[in-house]
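Per the numbering used here, the sequence shown starts with residue 6, numbered consecutively. Take a look at the structure below.
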Amino acid sequence: MSGHNPFRYKNRDQLLSAAEAIGLNLPFQENTANLLESVTVAGRTLSNRLAILPMEGCDGTEKGAPDELTFRRYNRYGAGGCGLIWFEATTVSPAAKANPRQLCLTEETLPAFKHLVNETRKASRNANPKIKPLLILQLTHPGRYTRKGYDPAPVIACHNPLLDRLCCLPDDHPLISDDALRQLQKNFLTAAELAVAAGFDGVDVKACHGYLLSELLSAHTRTDSLYGGPFENRIRFMIDTVKKIRQQLPESIIASRFNAWDGIEYPYGFGASAKAPQLPDFNEAVELAGRLSAAGTDLLAVTMGNPYVKPHYGRPYDRPLAGAAVPDENPLTGIDRMMRATREVQQSVPIPVVGCAYSWLRRFFPNVAAASVESGNVSIIGVGRNAFAYPDFPNDLASTGTVNEQKVCIACSCCSQIMRGGGRAGCPIRDAACYEHEYRHCRVQSGGGGDKS
Ligand SMILES: Cc1cc2nc3c(=O)[nH]c(=O)nc-3n(C[C@H](O)[C@H](O)[C@H](O)COP(=O)(O)O)c2cc1C
């Protein structure tokens with residue numbers, strides 16, 4: 006174990022030496038021009054290889070329509086210059102929200118989503134007339150993270166001793182039935198149709214970070230079910246959903262963001278090694294990616310971990326959430342693990358794969374990303390926290406070949422803290438005028454506490 010080390014690198018050599026000191030060969034190149042080259046997704050040309058990752062702002066209306074701050078965020082993304090904007094986790098079921106302000110696409114909220122798409126495209130046109138970003142909407146069911154107070158109560162696909170304890174669920178909490186899952190699949194199909202009606206280019210069938218479809222992938226212990234146990238069963242819901250959407254929307258893009266590894270031991274996590282239960286084994290991810298591609302998926306995004314348990318696996322950071330322990334892992338180790346998983350998936354499928362978890366690298370992230378693209382280990386570079394902090398970084402990259410040190414994300418977990426505190430998420434450091442108040446307010450509300458996992 007390499008131990009946690011916050012970012013403190015003044016130049017390329019210091020960063021690369023730090024990586025080397027813990028046995029990592031961090032890819033790096035000075036020339037970042039390849040990030041601005043076009044890339045093709047299902048026959049459509051993206052202007053560059055840069056993507057805004059889905060980032061929940063927790064700022065919709067009670068009905069799940071985009072609200073004022075949602076419009077502001079996507080306006081900034083549109084103007085920022087990324088070739089792909091992957092809209093945040095949007096629930097397919099009004100009864101199941103991970104937070105009270107989560108977006109939810111229904112007939113009722115459709116007009117507001119249409120407006121959001123139009124405004125995002127307009128912002129892009131006004132700022133960069135040559136860039137026509139691809140717009141994908143992430144569809145989800147929050148599963149065990151459905152907030153209490155909603156009906157039905159938290160929905161789980163299988164029991165998991167660690168997560169059940171963290172979610173305060175009794176051992177006999179019922180599992181979602183196969184019938185209810187088939188019913189839910191219809192919600193995904195309806196939401197996909199509505200997304201296309203709203204003007205999105207396609208949808209993402211989300212199966213990451215421990216939410217329902219992600220949990221299904223890990224449902225080794227779900228017995229007497231078509232959706233649990235052997236690999237074939239665990240991937241069935243996802244594959245069937247993709248196939249049905251493909252049938253229904255032959256012209257639209259289907260994407261999928263999935264966990265290559267849950268960071269939870271076998272047999273409770275997807276992508277965990279049966280031989281060394283605490284460690285990842287990316288063979289499952291590679292196999293799943295191949296099946297998704299064969300089922301009609303056009304675009305994949307690799308991620309990992311669960312934000313409620315060891316969030317550093319998915320988003321390496323310097324400072325944890327308030328009250329949580331500093332992880333015993335160097336953020337560079339986490340970045341390297343994510344890049345290895347992404348490489349294995351990208352090299353096994355004929356479709357583009359989006360990578361993530363670059364934000365911790367500060368101003369060096371384009372250099373690491375460009376080197377990864379150059380080696381064919383990833384096709385599109387996704388940014389998450391940096392999208393909150395610095396949505397127009399592609400414009401700077403295009404004009405200077407680099408990004409501004411004063412504007413990059415500092416991996417302080419403040420955006421996650423706002424989310425946990427029930428606020429509207431954004432960057433209180435780089436976008437202080439808008440989010441400093443949210444941050445202070447949520448710290449007061451939550452007594453400075455946060456997720457302790
Ligand atoms: C506040 C917050 C909200 C997020 N919302 C989503 C989401 O809606 N869907 C999703 O797939 N990932 C979500 N993520 C994960 C990010 O997309 C991304 O994978 C992660 O932050 C790592 O990338 P980065 O290093 O560029 O931040 C969220 C992360 C944060 C911090």
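C-beta: ideal position from N, C-alpha, C; glycine also.
The C-alpha of arginine 49 is placed about 9 Å away from the C-alpha of isoleucine 258.
At least one heavy atom of ligand 1 falls within 8 Å of the beta-carbon of histidine 214. Residue pairing for valine 46: DSSP places it in a beta bridge opposite Arg49. When DSSP states are grouped into helix, strand and coil, proline 59 belongs to the coil group. In the structure shown, isoleucine 259 adopts extended strand secondary structure according to DSSP, grouped into three states.
When the beta-carbon positions are compared, alanine 306 and leucine 58 come within less than 9 Å of each other.
In terms of Cβ geometry, isoleucine 385 and glycine 65 do not form a close pair [threshold 9 Å].
Listed as beta-bridge partners of methionine 309 by DSSP are Trp266. Taking arginine 390 as reference, the option from Asn335, Asn16, Asp323 and Val97 with the minimal CA-CA separation is Asp323.
In the DSSP assignment, leucine 174 falls outside any alpha helix (DSSP H) and carries neither an H nor an E. DSSP places glutamate 237 in the helix class (H, G or I) of the three-state scheme. A distance below 7 Å between beta-carbons, with the five flanking residues on each side excluded, links leucine 51 to the following residues of its chain, in chain order: Ser43, Val44, Gly88, Leu89 and Leu139. Less than 9 Å divides the Cβ of cysteine 414 from the Cβ of arginine 435. Cβ atoms of glycine 387 and valine 408 stay farther apart than 8 Å, at about 15 Å. By the neighbour-count criterion, in which 16 or more other beta carbons inside 10 Å mark a residue as buried, cysteine 173 falls on the exposed side.
According to the DSSP assignment, glutamine 190 belongs to the alpha helix (DSSP H) that extends over 183 to 203. When DSSP states are grouped into helix, strand and coil, glutamine 143 belongs to the strand group. In the three-state DSSP reduction, cysteine 439 falls in the helix class (H, G or I).
Where glycine 387 is concerned, the enclosing beta strand (DSSP E) starts and stops at 385 to 388. Here the distance from the Cβ of phenylalanine 393 to the nearest heavy atom of ligand 1 is below 8 Å. In the DSSP assignment, aspartate 64 falls outside any beta strand (DSSP E), carrying neither H nor E. Pairing leucine 108 with alanine 70 gives a Cβ-Cβ distance under 9 Å. Secondary structure within the region 355 to 426: the beta strand (DSSP E) runs of 3 or more consecutive residues, fully enclosed, are 358 to 360 and 385 to 388 (chain order). Look at valine 210 here: in three-state DSSP terms it is strand. Taking all protein chains shown into account, glutamate 93 has 16 or more neighbouring C-beta atoms within 10 Å of its C-beta and is therefore buried.
Proximity of the beta carbon of glutamate 237 to ligand 1 is not indicated: no heavy atom of the ligand is located closer than 8 Å.
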